[in-house]
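Following this note's numbering, the numbering of the sequence shown begins with 4 at its first residue and continues without gaps. Have a look at the structure below, then the notes.
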Amino acid sequence: MLSNELLDDIGNEYPCRKVQLKQLATLIGDDSIPSPQAFVVHGLEATGKTTVLRKFLNATDSSFTWVPCNECITVRHLTERIAATVSEALSNVENHPRCENISVLAVYLQRILDISGTKHFLVLDRIDRQRDAPATLLASLRRIGEMIPNLTVIFVVSVPHPRLFSSAELPHVHFTPYSKDESIEILSKEPLRIFDDDEDYTEELAQEELYVWQKFCATVWDSLAKGAARDVVQFRDTVEKNWKPFVKPIAAGEYGTRNYSSLYLLNKDMFRREDTVIDSVVPISTDGYRTVKSHDLPYYSKFILCASYLASFNPARLDVQFFMKANDAKKKRRGGGGGGKQGKTRKIQRRLLGPQAFPIERMLAIFHSIIPQDIEPTSDIMAQIATLTSLRLLVKASSLDPLDGSARWKVNVEWEYIRGIARSVKFDIEDRMAE
4 MLSNELLDDI
14 GNEYPCRKVQ
24 LKQLATLIGD
34 DSIPSPQAFV
44 VHGLEATGKT
54 TVLRKFLNAT
64 DSSFTWVPCN
74 ECITVRHLTE
84 RIAATVSEAL
94 SNVENHPRCE
104 NISVLAVYLQ
114 RILDISGTKH
124 FLVLDRIDRQ
134 RDAPATLLAS
144 LRRIGEMIPN
154 LTVIFVVSVP
164 HPRLFSSAEL
174 PHVHFTPYSK
184 DESIEILSKE
194 PLRIFDDDED
204 YTEELAQEEL
214 YVWQKFCATV
224 WDSLAKGAAR
234 DVVQFRDTVE
244 KNWKPFVKPI
254 AAGEYGTRNY
264 SSLYLLNKDM
274 FRREDTVIDS
284 VVPISTDGYR
294 TVKSHDLPYY
304 SKFILCASYL
314 ASFNPARLDV
324 QFFMKANDAK
334 KKRRGGGGGG
344 KQGKTRKIQR
354 RLLGPQAFPI
364 ERMLAIFHSI
374 IPQDIEPTSD
384 IMAQIATLTS
394 LRLLVKASSL
404 DPLDGSARWK
414 VNVEWEYIRG
424 IARSVKFDIE
434 DRMAE
C-alpha cells in the first residue's frame, strides 16, 4: 500500500482531490498488489483528471504509457501509436510489427509484456474524442486488459456513457467539478499581488493581500463566474483580468485592505458589464463604457433607424403618448394630483425583452413624428429602408415576399449603437422610450 506521506504531498500540490487520490491508490497500488484489468477516470473539462493521474503515476514510479487519443486520425494510427509507445516505455529495441487492428496489437502487447514481467498501465487519454472510431473500439480495448494479466487499461473520458464499454463492472473514478470554496482555495495558492514593491513586503502584508484576494474571488464567483465561467480555468482568467482595475485604489493609497465593502461599491459597475468576462474587439473608452462606431448613414436613414427601434421596443398603445405632437402640452402638465395606487410588481425593462415586430406603416408614422422637418413621403424614403435592410440593420420578421404588404419588421441593432446614432443627429431617444 502507498504511504500517506506521498498522498499528502500530491494532495497539497493539487488540493481538493483527496478522495480521488485514495481511489487511484487503491486501483493502481504497487507491484505486490494486482490491479483491475481496466478502469475509467472521468470528469468534465478542467477538473484535474489528466494532471492528477499523470502526477500520481510519476510519483509512484509506475510503468505506464500515455497515449493522447484525440491526436490520432484513424484507428490504425491509434494502434500503431500504442505499439510504438509501449515498446519505447519497456525499452524494447525490437521493431514492432504493423498493428493494423486491435487483434494484432493484443498479440504484440502480450508478447512484450510477458518478457518484461512487470505491471504496466496503458492510459488512453481522451479516448471518447477518437476520430472515426467504430462502436466496438472501446469494448475491444477493454478486452485487451482481460487477455494480458499484467496490463491495466485506463480510459480517461469526459462523460462516460452507460453502454460505452459494453460492460458494467468497470471501476470508475469521478473527478467532480470544483465548488465555490474549492475554486477559491485553488486560486488562493497563487494569489496576485497588490503592491509591486518587494522591499517592504512582509508576512503581514501578504496576509492582507490574501484577504482581499479571497474576498474578490468570492465576489467574482457570485456575480460573474457562476453563470459565465464553466470551469476553474475560466474562473481564474476572469479574476486575473479584473484584479488590477479593482485593487488600483488600494495600490494608490486611497483605500485600505480591510475596506472591501467601500471598494466594492466603488467598482460595482465592473460586475455588471459583459466586457469584464468576454474579450471584445470593440474599443473601451477611458470612462469604462464601450465606444460604438456606427455606420456612416444618411441623415434621414438615421431617423428611420431610430423610428424602427422605437417601434420595436415601445408598445403600440403608447404611441399617442410619446409621438403625438398635440399631446406634448398635456404631458407637461401631467404628474400632479393624488393619483391611484402604484403597482408593486416590478416591471422588466423592455430593452431586455428583445425587439418586437412592427408594421412598416407604424414605423413611418413614428418617423414623421420625430423628424424636425416636415417632409413628403417619397420613394427616396423607401429606398433608404431597402438600404437599411441590405445592411441587416432592419430585418423582416414575418414574410419574405417583397410584394407582401402585410410584412412585419424588426430592428437588428443594440441600445449602445442606436444611442450613438440618435446623438449624432441630436435626437434624445431616451425620452421617447417606454420603461
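Think of the CB as a built atom: it goes at the ideal place given N, C-alpha and C, for glycine as much as any other residue.
- Approximately 6 Å separates the beta-carbon atoms of P358 and F316; this is inside 8 Å, confirming the contact.
- Contact annotation: the region 149-159 touches the region 39-57, with at least three C-beta pairs closer than 8 Å.
- Between L190 and R239, the C-beta gap is smaller than 7 Å, which places the two residues in contact.
- In terms of Cα proximity to P18, the closest of P152, S182, T381, P174 is S182.
- One thing to note: P71 has its Cβ within 7 Å of the Cβ of D128.
- Under the three-state reduction of DSSP, K399 is assigned to strand.
- Assigned with DSSP and collapsed to three states, A319 falls in helix.
- In the structure shown, A41 falls within a strand segment according to DSSP collapsed to helix, strand and coil.
- Secondary structure note for K413: it is in no alpha helix (DSSP H), and the uninterrupted beta strand (DSSP E) holding it is 411-414.
- The beta carbon of G51 lies closer than 7 Å to those of Y17, R20, F178 in the same chain, with the five residues before and after it left out.
- Following the DSSP letters along the chain, one finds S66 inside the beta strand (DSSP E) bounded by residues 66-71.
- Secondary structure at L9: helix, using DSSP grouped into helix, strand and coil.
- D11 and A28 have their C-alpha atoms some 12 Å from each other.
- Sixteen is the threshold: since fewer than 16 other Cβ atoms of the shown chains lie within 10 Å of the Cβ of V398, the residue is exposed.
- Boundaries of the alpha helix (DSSP H) around D240: 235-254.
- By the neighbour-count criterion, in which a residue is buried when 16 or more other Cβ atoms sit within 10 angstroms of its Cβ, Y302 is exposed.
- The C-alpha of F326 lies about 58 Å from the C-alpha of G46.
- Every unbroken stretch of the alpha helix (DSSP H) spanning 4 or more residues and falling wholly within the region 16-62 is given here in chain order: 21-31, 52-62.
- Closest in C-alpha terms to V176, from the list Y204, N245, F42, comes F42.
- Listed in chain order, the beta strand (DSSP E) runs fully inside the region 113-151 are 123-128, counting runs of at least 3 residues.
- When the five nearest sequence neighbours on each side are left out, the beta carbons in the same chain lying within less than 7 Å of the beta carbon of S226 are those of F274, in order along the chain.
- Two segments are said to touch when three or more pairs of C-beta atoms, one from each, lie closer than 8 Å; by this definition the region 197-211 does not touch the region 229-244.
- Out of Q133, V126, K122, the CA that lies nearest to the CA of I151 is found in K122.
- Each residue's CA atom was taken as its position, placing I432 and R411 some 22 Å apart.
- Annotation for Q26: V176 place their beta carbon closer than 7 Å to its own, counting only its chain and skipping 5 residues before and after.
- Bounds of the alpha helix (DSSP H) holding I369 are 363-373.
- The alpha-carbon separation between R84 and A62 amounts to approximately 24 Å.
- Straight through space, the alpha carbons of H80 and E417 are spaced by roughly 49 Å.
- Taken through DSSP and simplified to helix, strand or coil, T260 comes out as coil.
- Sixteen is the threshold: since fewer than 16 other Cβ atoms of the shown chains lie within 10 Å of the Cβ of I36, the residue is exposed.
- Nearest to T82 by alpha-carbon distance, out of L266, I130, L60, is I130.
- Residue pairing by DSSP places T155 opposite F124 in a beta bridge.
- With contacts defined by Cβ atoms closer than 7 Å, Q387 and S304 form a contacting pair.
- In this chain, the alpha helix (DSSP H) harbouring H80 covers 78-92.
- Of the residues assessed, M366 falls on the buried side of the cut-off, its CB having 16 or more other CB atoms within 10 angstroms.
- Around the beta carbon of L396, a 10 Å sphere encloses 16 or more other beta carbons of the protein chains shown; the residue is thus reported as buried.
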